[in-house]
Amino acid sequence: MRFAYRRSIVSLVRLLFLASLIALFYLGWHEGYEQTLFFNFGNYVVLFSYSVMLLVFMNVYGGLRVGSVRVTNLLLSCFFALLFANFFIYFELSLIAREMLSTVPLLVTFGGQVLLALVGCVAMNAVYYALNDARQVVAIYSGDEDDARVIEKMSQFNRRFTVTETVDARQPLDVLIARIDPYDSVLLGRMEPDTRKAVFQYCYRSGKRINILPDSMEIALCVATKTQIFDTPILLCKNRELTPEQRLIKRITDIVISSLGIVILGPLMLLIALAIKLHDGGPVFYRQARLTLGGRTFSIIKFRSMRVDADKGLAKDELRAVSNDPRVTRIGALLRPYRLDEIPQLFNVLTGEMSIVGPRPERVEHYTLYTQELPEFALRLRVKAGLTGYAQIYGRYNTTPRDKLNMDLFYTEDFSILQDIRLLFMTLKILFVRESAEGFGGETEQVDLDALTNPQNKKKEDAKVG
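Going by our numbering, the letters in the sequence shown line up with residues 6 to 471, in that order.
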C-alpha cells in the first residue's frame with residue numbers, strides 16, 4: 006500500500022527529528038553556558054548557526070537517509086553529524102565568552118542527543134516502512150555476472166526492493182515489454198544499446214522507476230553542462246583536467262594535512278612499527294609498485310600486515326586481498342579493519358606521489374589485467390591516486406573493477422574542492438564500518454538468480470535433494 010502523502014509525512018518526521026536535536030542543544034546551551042546568552046536577537050543567530058551546521062553535516066554523512074541505509078549506518082551518520090556540529094559550536098560559544106569554556110555541559114548535551122538519535126533513527130525507519138511497501142522490481146540484463154551480483158545485492162534490501170523477476174534482455178522487444186508491464190520499477194543492466202534505449206524509452210513513457218547500471222558515457226552525461234546553440238539544447242561534456250588553481254589548492258591541502266597527520270599520528274606509528282618488529286622480526290614497512298596520475302609508477306608505503314613471504318608462489322592474478330586471508334599476521338588483523346596499515350601513505354602524499362583524496366592506487370598487475378577486459382579502466386589515471394576517495398568510502402576491497410571505475414568516474418567527472426572536503430569528513434565515518442575493509446571472497450560463487458526471484462522453486466529442489 007502506498008499513501009498519497011507519504012513523502013510529506015516522512016519529511017515532517019525528519020523535520021521533527023532535527024527540531025528535537027536542536028531543542029536539546031538549546032536546553033544544554035541555555036543551562037550550561039549562561040555567560041554566552043544574549044539579551045536580544047543574538048540567541049537566534051547562535052541557534053540559526055547551530056541549525057545550519059547540523060543540517061550541513063547531516064547532509065554530508067547521510068543522517069537523514071531514512072529507508073536507504075540500515076539503522077546502524079543511519080545512527081553512525083547522526084553520531085558524526087552531531088559530533089562535528091557540537092565541536093564547531095563549542096568554539097563559536099567560546100569566542101562569544103572570550104574564553105575557553107568547560108566542555109562538560111556540551112558533552113552531556115551530546116550524550117543526550119545521541120540517545121535521542123538512537124530512538125529517532127528507529128522511529129523514522131519504522132514510519133518510512135509503514136508508509137512504503139517494498140518496490141516490485143523486474144531486472145533486465147544479458148547474463149553479465151557483475152549485473153547478477155548487483156541484483157543479488159538489491160535483493161538483500163528486501164524491505165525496500167523485491168526483485169520479483171529477472172528477464173533475459175536478448176529476447177524480442179515485445180516480449181520484454183510484456184514482462185515489464187506488471188511492475189512499477191525496473192533495473193536495467195548491460196545489454197545491446199538499441200535494446201537498452203528502447204526499454205528505457207518505454208519505461209520512461211510508462212512512468213516506471215528506472216534503476217540503471219551505468220557505463221562511463223552515462224556517468225559523464227550525469228554531470229554534463231546544460232547549454233544551447235540558439236534554440237537547440239546541448240549537453241556539454243568538458244572532459245578536462247583539473248585547473249591550475251584546483252591543482253594548487255589540492256597540493257597545498259595535501260601538504261598541510263599530511264604534515265599534520267604525520268606529527269599527530271607519529272606516536273601511534275612508532276607503536277605499530279614496534280609491534281610489527283617484535284611480532285616476527287620482519288620489516289616494518291611493505292613497499293609495492295602502484296600507479297598514479299598519467300600511469301606513473303611509484304612505491305607505496307604501508308605497514309606490513311602479512312607474512313614476509315606472503316606473495317611467494319602466487320600467480321599475478323592471485324595477488325589480492327581475500328576474506329580471512331591466512332597470510333595476514335595477528336598484528337595485521339588488528340590494523341586492517343581500521344585502515345591503520347595505510348597511515349604511512351601520508352609520506353607518499355607529502356612527497357607528491359599521492360593526494361589525500363583520489364582514486365585508490367592500483368597495482369600494476371591488476372591494472373593490466375583489468376584494462377584487458379575493461380579498457381576505460383584507464384580513465385582512473387586522469388587524476389592523482391588518493392589515500393581516501395569515492396571508491397574507498399563507498400566501495401570495499403572486493404568491489405568489482407567495473408564498479409570501482411564507475412565510482413571513481415563519479416569523483417573525477419564532478420570534481421570540486423567542496424567534494425574533497427565532504428569525502429574527508431566521510432572518511433572518519435568509514436573507519437567504523439567494518440564491511441568496507443572486507444577482502445575478496447576465496448572462490449567467486451555463481452549467483453543463483455532463479456533462487457532469488459523464485460524462492461519457492463528453490464525450496465522444492467532442496468526438498469527433492471534431501
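Glycine included, every Cβ here is placed at the ideal spot set by N, Cα and C.
Query: Take residue 397 as the anchor and find which of 414, 387, 381 has the nearest alpha-carbon.; Result: 414
Query: Work out the CA separation of residue 358 and residue 438 for me, nearest whole Å.; Result: 27 Å
Query: Using only alpha-carbon positions, find the residue among 103, 127, 95 that is nearest to residue 22.; Result: 127
Query: Quick one: using the 10 Å Cβ neighbour count with 16 as the cut-off for buried, is residue 356 buried or exposed?; Result: exposed
Query: Exposed or buried, which one is residue 302 when buried takes at least 16 other CB atoms within 10 Å?; Result: exposed
Query: Quick check for students: name the residue ranges of the beta strand (DSSP E) that lie wholly in the segment 194-225, counting only runs of 3 or more.; Result: 214-217
Query: Would you mind sorting residue 49 into buried or exposed? The rule is 16 or more other CB atoms within 10 Å of its CB.; Result: exposed
Query: Please state whether DSSP places residue 486 in a helix, a strand or coil.; Result: Nothing can be reported for residue 486: it is not among the residues displayed for the chain, which extend from 6 to 471.
Query: Please report how far the alpha carbon of residue 430 lies from the alpha carbon of residue 132, in whole angstroms.; Result: 29 Å
Query: Identify whether residue 448 lies in helix, strand or coil by the three-state DSSP scheme.; Result: Reliability of the predicted coordinates at residue 448 is poor, the pLDDT of 38 falling under 50, and the value obtained from them is presented with this limitation in mind. If DSSP states are grouped into helix, strand and coil, residue 448 belongs with coil.
Query: With a floor of 3 residues, list each beta strand (DSSP E) that falls wholly inside the segment 374-440, ordered by position along the chain.; Result: 391-393
Query: By the 10 Å Cβ neighbour count, where 16 or more other Cβ atoms means buried, how is residue 233 classified, buried or exposed?; Result: exposed
Query: Can you give me the start and stop residues for the beta strand (DSSP E) that residue 482 sits inside?; Result: The chain is shown from 6 up to 471; residue 482 falls before or after that span and cannot be answered.
Query: Using the three-state DSSP reduction, which class does residue 192 fall into: helix, strand or coil?; Result: strand
Query: Along the beta strand (DSSP E) that carries residue 515, what are the first and last residues, could you check?; Result: Nothing can be reported for residue 515, as the shown portion of the chain is limited to 6 through 471.
Query: How many angstroms separate the CA atom of residue 11 from the CA atom of residue 137?; Result: 8 Å
Query: Quick one: measure Cβ to Cβ for residue 350 and residue 392, integer angstroms, because I've assumed they're closer than 8 Å.; Result: 5 Å
Query: CA-CA distance, residue 53 and residue 65?; Result: 18 Å
Query: Spatial neighbours of residue 169 within its chain, please: CB distance less than 8 Å, with the 5 preceding and 5 following residues excluded, ordered by chain position.; Result: 141, 142, 143, 188, 458
Query: Can you tell me where the beta strand (DSSP E) with residue 296 in it begins and where it stops?; Result: 290-296
Query: Can you find at least 3 beta carbon pairs, one from the segment 54-61 and one from the segment 36-46, that sit closer than 8 Å?; Result: no
Query: Measuring alpha carbon to alpha carbon, tell me which of 220, 243, 338 ends up nearest residue 230.; Result: 243
Query: Verify whether the separation of the beta carbon atoms of residue 93 and residue 122 is less than 8 Å.; Result: no
Query: Is it buried or exposed for residue 366, if we count other Cβ within 10 angstroms and need 16 for buried?; Result: buried
Query: Tell me whether residue 166 sits in a helix, a strand or coil according to DSSP, three-state version.; Result: strand
Query: Taking the alpha helix (DSSP H) that residue 258 belongs to, which residues open and close that run?; Result: 249-285
Query: Considering only the beta carbon of each residue, do residue 361 and residue 263 sit closer than 8 Å?; Result: yes
Query: Just curious, the beta strand (DSSP E) that residue 43 is in, first and last residue?; Result: Where residue 43 is concerned, there is no enclosing beta strand (DSSP E), given that its DSSP letter is neither H nor E.
Query: Return the CA-CA distance between residue 527 and residue 173, expressed in angstroms with no decimal places.; Result: The shown model of the chain, from 6 to 471, leaves out residue 527, and the question about it has no answer.
Query: From the DSSP output, which residues share a beta bridge with residue 311?; Result: 333
Query: If you count every other CB in all the chains shown that lies within 10 Å of the CB of residue 261, and 16 or more means buried, which is it?; Result: exposed
Query: Thinking C-alpha only, which one of 237, 215, 241 is nearest residue 226?; Result: 241
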